[in-house]
Amino acid sequence: MNAPLACKPADYKSEIKPIWCPGCGDYHVLMSFTRAFAQLGLPPEQIAVISGIGCSSRIPAYTNCYGFHGVHGRSLALAAGLKVTRPDLTVVVASGDGDGYSIGGNHFLHACRRNIDMTYVVMDNHIYGMTKGQPSPTTEPEFDTALSPGGTGVRPFHPLVVALASGANFIARCFSGEVNETADVLAEAIRHPGFSFVEILSPCVTFRPDEKNWKDQVHPASVGATADQGKAARRLMTDDGFNIGILYRGGRTPYRPAVAATNIDLSELEKDFEL
Amino acid sequence: MTMAASPSISIAVVGSGGSGALTTGNSLLETACAAGWHGLLTRTLGPQIRGGEAAALIRLAAHPVECLPDQFDLLIGIDWLNAHRFGAEIKVGPQSLVISDPRGGEPPPMVAQSGARVVEIPMKDMAKSIPDGRPNMIALGIASRLLGFTAELVFAPIEKKLADKGPAAIEASRAAINVGFGAAATVEFDRHLAEPRPSTARRWLLSGNEAVALGAIRGGVRFAAAYPITPATEILEWLAPNLVKVGGVLLQAEDELAAINMIIGSSFGGTPSITATSGPGLSLMIEALGLATASEIPIVVVDVMRGGPSTGIPTKSEQTDLNIAIYGMHGDAPHLVLAPQSVSDCLFTTQWATYLAESLQAPAIVLSDQFMGQARVAIERPADVAFIGQRCTATEITGDYKRYAMTADGVSPMSIPGKRGGQYTADGLTHSERGLPTSGATDHLAQLDKRRDKLDGFNFGDHWASVEGTGEFAILTWGSLTSAAREAIERAAVDGIDVRLVAPRLLLPTLPEQLTAALKGVKRILVIEQTHGGQFHKYLRAHYDLPGSVRALNRPGPLPITAGEIHRAIADWRS
Chain S
1 MNAPLACKPA
11 DYKSEIKPIW
21 CPGCGDYHVL
31 MSFTRAFAQL
41 GLPPEQIAVI
51 SGIGCSSRIP
61 AYTNCYGFHG
71 VHGRSLALAA
81 GLKVTRPDLT
91 VVVASGDGDG
101 YSIGGNHFLH
111 ACRRNIDMTY
121 VVMDNHIYGM
131 TKGQPSPTTE
141 PEFDTALSPG
151 GTGVRPFHPL
161 VVALASGANF
171 IARCFSGEVN
181 ETADVLAEAI
191 RHPGFSFVEI
201 LSPCVTFRPD
211 EKNWKDQVHP
221 ASVGATADQG
231 KAARRLMTDD
241 GFNIGILYRG
251 GRTPYRPAVA
261 ATNIDLSELE
271 KDFEL
Chain Z
1 MTMAASPSIS
11 IAVVGSGGSG
21 ALTTGNSLLE
31 TACAAGWHGL
41 LTRTLGPQIR
51 GGEAAALIRL
61 AAHPVECLPD
71 QFDLLIGIDW
81 LNAHRFGAEI
91 KVGPQSLVIS
101 DPRGGEPPPM
111 VAQSGARVVE
121 IPMKDMAKSI
131 PDGRPNMIAL
141 GIASRLLGFT
151 AELVFAPIEK
161 KLADKGPAAI
171 EASRAAINVG
181 FGAAATVEFD
191 RHLAEPRPST
201 ARRWLLSGNE
211 AVALGAIRGG
221 VRFAAAYPIT
231 PATEILEWLA
241 PNLVKVGGVL
251 LQAEDELAAI
261 NMIIGSSFGG
271 TPSITATSGP
281 GLSLMIEALG
291 LATASEIPIV
301 VVDVMRGGPS
311 TGIPTKSEQT
321 DLNIAIYGMH
331 GDAPHLVLAP
341 QSVSDCLFTT
351 QWATYLAESL
361 QAPAIVLSDQ
371 FMGQARVAIE
381 RPADVAFIGQ
391 RCTATEITGD
401 YKRYAMTADG
411 VSPMSIPGKR
421 GGQYTADGLT
431 HSERGLPTSG
441 ATDHLAQLDK
451 RRDKLDGFNF
461 GDHWASVEGT
471 GEFAILTWGS
481 LTSAAREAIE
491 RAAVDGIDVR
501 LVAPRLLLPT
511 LPEQLTAALK
521 GVKRILVIEQ
531 THGGQFHKYL
541 RAHYDLPGSV
551 RALNRPGPLP
561 ITAGEIHRAI
571 ADWRS
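If you read the protein sequences in the order shown, they are chains S and Z. When the letters of the first sequence are read in order and numbered with the working numbering, they come out as residues 1 to 275. When the letters of the second sequence are read in order and numbered with the working numbering, they come out as residues 1 to 575.
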């Protein structure tokens, strides 16, 4: 009955015109989203795109899927509640480096650990864009901003290493400019059981014009994905941050809540209390 | 000597944390209730798990009781090591009997000051004479004998409790109870309970926290997100195994921020959802309560209030989360706030809150408190009521779906993920009828009006308050204090004073017309609440016109406001 009506990327786009800055990498990420959905042939009403606050978090409303644009930093928790009660849905969470790694950092750890079957996409531009250029957990220590004159002096956070240590079951890095390659990785991340983490380097051309050079810095990973956590750890710890591809593909069983064999009558519950 | 039967007898069992005072108290309660009496047990304890102070406060009666006594008839100190810390919470008088172990330290000064009769029984030494004997079981034997319970009656609940510890443990307890029985044989205690009224009603023994949990399931809740916090954890621990039995799910969250966002997510997916917390957790949940309000996602948040602010007194009761529950959110954020009035009402009110949240697509905060949350009470089985979540969902979708469409009652059909053609993005941003973000004045006003009017226009029926009596003197109170107020009103009636009770169960939205009608003809109003700052009084002043003259009786926790105090306040004002 629910044969997919839409298998073209355009069928997953809403009629709303995105209001990102011209040249923003997130336009490409949106294209990769819709291409991945089309590739998987998922009916749009069976997909939920959940986000928090920030430029990247605008993405749900630009899709033709169900969406939730919630509060800052809590998208993973909201998505977890949805997925455990609606395992039939495909749940994709969209975030950015401020929303996901700073205010939402604790939820990131626990979502990786919990390993619910969902896909977490972080559009990392190493800056808070929506609030006009403050340093994020992935901003380089010497990067000068109004809030951090002369730079933060603080070492950036390494999200892929954190994801691996916390138990994510699939880890990849993409570059927004490579729309088709990113779509392929997203499709694979969605297909992979458990918690899949995809970091997409998505330049902020307004507050980080230097990131226009990312297209020349990124390079495909020289070796394929490993299932060995030790190897993955060494690889992630030593890579240059521009290594693109699927870097880790784990075999952990996704978390699924216990389900009763048969539902009992409510009056059965009262027996605890009877005198 | 003839002994007049007492309508109720109150017993406090005190010991240092880990001494088993609560086990003694619970066994007494279970014994009495199994034999047909009614009873209430509340606990008061320090923050430590071991080595602090613990007391079981029990009131047994021939009739239903849901509040503490003015003072205790019998106080048993298994030891007095830390009893001074809560001496003020356990009042005894010249008529009281105190059982003290000479090896358990000095009774707190309040015992000597009270003029109570002190009888020394060496419970610790007696316990030593029994292999694996424990002083708290000696205390149980003493109390049972003084109350006139047979040993067999007392053994039954203990055997049930120790069933999985083996026959040796049961035997040790039996022996200790028997020794306690013997030790109390020569102690005079001139009170005994009136025979229970014969009743064929099915009766339950449960806590307010358990009642909240069952009420939620009865109301249709099938998902809970849990982050542990005293004194709300029992709600979540009861839901964990029981939700699964009815096809539901409980997920432990990493913090309260996650817990409330999880239930917003599950409810967005169509599942009625709940979380339970206490003051500090509610503070963390406030931002997302605003999200649920703006995005019109029904959720239920139970706040079992404890002493505040900050960490405050986690183990003791207060009514001081009223302000944050009503006014905590930024922006204009109409939502539901409800408060149960007793342990049995915890079931009804939570079920009703679930129904209202679902019907009105709004968050509901249920304000319980530590007193009723952790009190165990014998009640008649609450009747089944028809309040089962009725969410208005979008079934027929033609053309462009408008999630926040203007409707006559302000409730818009909600499309549930999976429904083809009903895709929308739920948003905390100000939005249009279609759910698209906007910063325009017209849409902002229209959606603010809609969210206000759907609550204000709803017919809440008679459940909005307890309104009892017709006197010109009225007590205005809320929450667990309602039971103490009701008992005070009964005592005032004996003095010939007719006092009306008005206790709102629905605190938000406010219902000015209904309150005005409930207070019609009233000349004096006594406002009673367990706060330091008079939060309830100020709430009343802000939202209602109060007729006649008004006085306030308010005090912060942890000292309970007793029926005796309220009775005195009524009598004093009248003279």
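Glycine residues also receive a C-beta, built at the ideal position from the N, C-alpha and C atoms. Source: prediction; values computed, not measured.
Check: Where do the N-terminal and C-terminal ends of the beta strand (DSSP E) with Leu-481(Z) fall, by residue?
Finding: Per DSSP, Leu-481(Z) belongs to no beta strand (DSSP E); it is in the alpha helix (DSSP H), 481–494.
Next item on the list: Using three-state DSSP, classify Gly-25(Z) as helix, strand or coil.
Entry: Of the three classes helix, strand and coil, the one that applies to Gly-25(Z) here is helix, per DSSP.
Next item on the list: State the beta-bridge partners of Met-123(S) as determined by DSSP.
Entry: Answer is Gly-96(S), Ile-200(S).
Item checked: Three-way DSSP call (helix, strand, coil) for Leu-266(S) in this model -> In this structure, Leu-266(S) counts as helix in the three-state DSSP scheme.
Check: Taking a cut of 8 Å between CB atoms, which residues from the segment 201–224 of chain Z lie near chain S?
Finding: Considering only beta carbons, the part of the segment 201–224 of chain Z lying closer than 8 Å to chain S consists of Arg-202, Arg-203, Trp-204, Leu-205, Leu-206, Glu-210, Leu-214, Ile-217, Arg-218, Arg-222, Phe-223, in chain order.
Notebook entry, point to check: Span of the alpha helix (DSSP H) holding Cys-346(Z)?
Noted result: Cys-346(Z) -> alpha helix (DSSP H) spans 343–360.
Next item on the list: Could you check how far apart the C-beta atoms of Ala-484(Z) and Ala-563(Z) are, in whole angstroms? I think they sit under 8 Å.
Entry: Between Ala-563(Z) and Ala-484(Z) the Cβ distance is about 5 Å, and since that is below 8 Å, they are a contact.
Next item on the list: Can you check DSSP and say which residues form a bridge with Pro-220(S)?
Entry: BP columns for Pro-220(S) point to Ile-244(S).
Notebook entry, point to check: So is Glu-318(Z) buried or exposed if we call it buried at 16+ other beta carbons inside 10 Å?
Noted result: Around the beta carbon of Glu-318(Z), 16 or more other beta carbons sit within 10 angstroms, so the residue counts as buried.
Next item on the list: With DSSP collapsed to three states, give me the class of Asp-369(Z).
Entry: The three-state secondary structure of Asp-369(Z), taken from DSSP, is strand.
Checklist line | Three-state secondary structure (DSSP) of Ile-614(Z) | finding: No answer is possible for residue 614(Z): it lies beyond the span of chain Z, which begins at 1 and ends at 575.
Notebook entry, point to check: In chain S, which residues lie less than 8 Å from Pro-280(Z) when you measure between Cβ atoms?
Noted result: Ordered by position in chain S, no residue passes the 8 Å Cβ test against Pro-280(Z), which lies about 16 Å from the chain.
Next item on the list: State the beta-bridge partners of Leu-338(Z) as determined by DSSP.
Entry: In the DSSP secondary-structure assignment, Leu-338(Z) is bridged to Val-366(Z), Leu-506(Z).
Checklist line | Where Pro-149(S) meets chain Z, residues with beta-carbon distance less than 9 Å | finding: By Cβ distance, chain Z contributes nothing, its closest Cβ being about 30 Å from Pro-149(S), past 9 Å.
Check: Considering only the beta carbon of each residue, do Ser-199(Z) and Val-304(Z) sit closer than 9 Å?
Finding: Cβ distance not < 9 Å, so Ser-199(Z) and Val-304(Z) don't count as in contact.
Notebook entry, point to check: When the Cα atoms are used, what is the spatial distance from Asp-125(Z) to Glu-565(Z)?
Noted result: Rounded to whole angstroms, Asp-125(Z) to Glu-565(Z) spans 40 Å at the Cα level.
Check: How far does the alpha helix (DSSP H) with Leu-89(S) in it reach, from first residue to last?
Finding: Per DSSP, Leu-89(S) belongs to no alpha helix (DSSP H) and is neither H nor E.
Next item on the list: Using the Cα positions of Thr-350(Z) and Phe-223(Z), report the straight-line distance between them to the nearest angstrom.
Entry: If you draw a straight line from the Cα of Thr-350(Z) to the Cα of Phe-223(Z), it comes to about 14 Å.
Margin query: According to DSSP, Trp-464(Z) sits in a beta bridge with which residue or residues?
Written below: As computed with DSSP, Trp-464(Z) is found in no beta bridge at all.
Checklist line | Interface residues of chain A facing Gly-247(Z) [CB-CB closer than 8 Å] | finding: As a matter of chain content, chain A is missing from the structure shown, whose protein chains are S and Z.
Margin query: Give the list of continuous beta strand (DSSP E) stretches no shorter than 3 residues that lie fully inside the segment 531–557 of chain Z.
Written below: Secondary structure within the segment 531–557 of chain Z: the beta strand (DSSP E) runs of 3 or more consecutive residues, fully enclosed, are 549–554 (chain order).
Check: For Ile-217(Z) versus Asn-242(Z), is the C-beta distance shorter than 9 Å?
Finding: Ile-217(Z) is a Cβ neighbour of Asn-242(Z), given a cutoff of 9 Å.
Next item on the list: Take the Cβ of Gln-217(S) as the centre, count every other Cβ of all protein chains shown within 10 Å, and call the residue buried at 16 or more, exposed below.
Entry: Of the other Cβ atoms in all chains shown, fewer than 16 fall within 10 Å of the Cβ of Gln-217(S); this residue is therefore exposed.
Check: When the Cα of His-69(S) is compared with those of Gly-77(Z), Ala-552(Z), Ile-561(Z), Asp-427(Z), which residue comes out closest?
Finding: Comparing Cα-Cα distances from His-69(S) to each of Gly-77(Z), Ala-552(Z), Ile-561(Z), Asp-427(Z), the minimum goes to Asp-427(Z).
Check: So does the segment 414–428 of chain Z actually touch the segment 440–460 of chain Z, counting three or more Cβ pairs closer than 8 Å?
Finding: No, the segment 414–428 of chain Z is not in contact with the segment 440–460 of chain Z.
Next item on the list: Taking all protein chains shown into account, decide if Gly-96(S) is buried (16 or more other Cβ within 10 angstroms of its Cβ) or exposed.
Entry: Note on Gly-96(S): 16 or more other CB atoms within 10 angstroms of its CB, so buried under the neighbour-count rule.
Note to self: Is there a C-beta anywhere in chain Z that falls below 9 Å from the one on Ile-190(S)?
What the structure shows: Not a single CB atom of chain Z sits nearer than 9 Å to the CB of Ile-190(S).
Next item on the list: State the Cα-Cα distance for the pair Ala-286(S) and Ser-14(S), rounded to the nearest angstrom.
Entry: Nothing can be reported for residue 286(S): it is not among the residues displayed for chain S, which extend from 1 to 275.
Item checked: Any C-beta of chain Z under 9 Å from that of Asn-2(S) -> At Asn-2(S) the pLDDT is 48, less than 50, meaning the model places this residue with poor confidence; the figure from the coordinates comes in the next sentence. Chain Z contact via Cβ: present.
Next item on the list: Note the first and the last residue of the continuous beta strand (DSSP E) segment covering Ala-378(Z).
Entry: From DSSP, the beta strand (DSSP E) with Ala-378(Z) extends over 376–380.
Margin query: If we define contact as Cβ-Cβ less than 9 Å, is Met-1(Z) a contact residue for chain S?
Written below: Because the pLDDT at Met-1(Z) is just 39, under 50, the model does not fix this residue reliably, and the value given afterwards should be weighed accordingly. Interface flag for Met-1(Z) against chain S is unset, since no Cβ pair is found closer than 9 Å.
Next item on the list: Mind checking the segment 417–437 of chain Z against chain S and listing, in chain order, the residues whose C-beta falls within less than 9 Å of any C-beta there?
Entry: For the segment 417–437 of chain Z, the set of residues with a beta-carbon nearer than 9 Å to any beta-carbon of chain S comprises Pro-417, Gly-418, Lys-419, Arg-420, Gly-421, Gly-422, Gln-423, Tyr-424, Thr-425, Ala-426, Asp-427, Gly-428, Leu-429, Gly-435, Leu-436, Pro-437, in chain order.
Next item on the list: Determine the chain S residues that contact Asp-255(Z) at a beta-carbon separation under 7 Å, and present them in chain order.
Entry: Result: Asn-106.
Next item on the list: Classify Asn-2(S) as helix, strand or coil using the three-state DSSP reduction.
Entry: With a pLDDT of only 48 at Asn-2(S), under the threshold of 50, the placement of this residue in the model should not be trusted; the figure read from the coordinates follows. Residue state, collapsed to three classes: coil.
Item checked: 8 Å contact criterion, which Pro-9(S) and Ala-38(S) should meet: CB distance rounded -> Between the beta-carbon of Pro-9(S) and that of Ala-38(S) there is about 5 Å, and that keeps the pair under the 8 Å contact cut.
Margin query: Give me, in chain order, the residues of the same chain whose beta-carbon lies closer than 7 Å to that of Ala-3(S); leave out the 5 immediate sequence neighbours on both sides.
Written below: Bear in mind that a pLDDT of 49 at Ala-3(S), under 50, signals an unreliable position, so the number given afterwards is only what the model happens to contain. Here the set comprises nothing.
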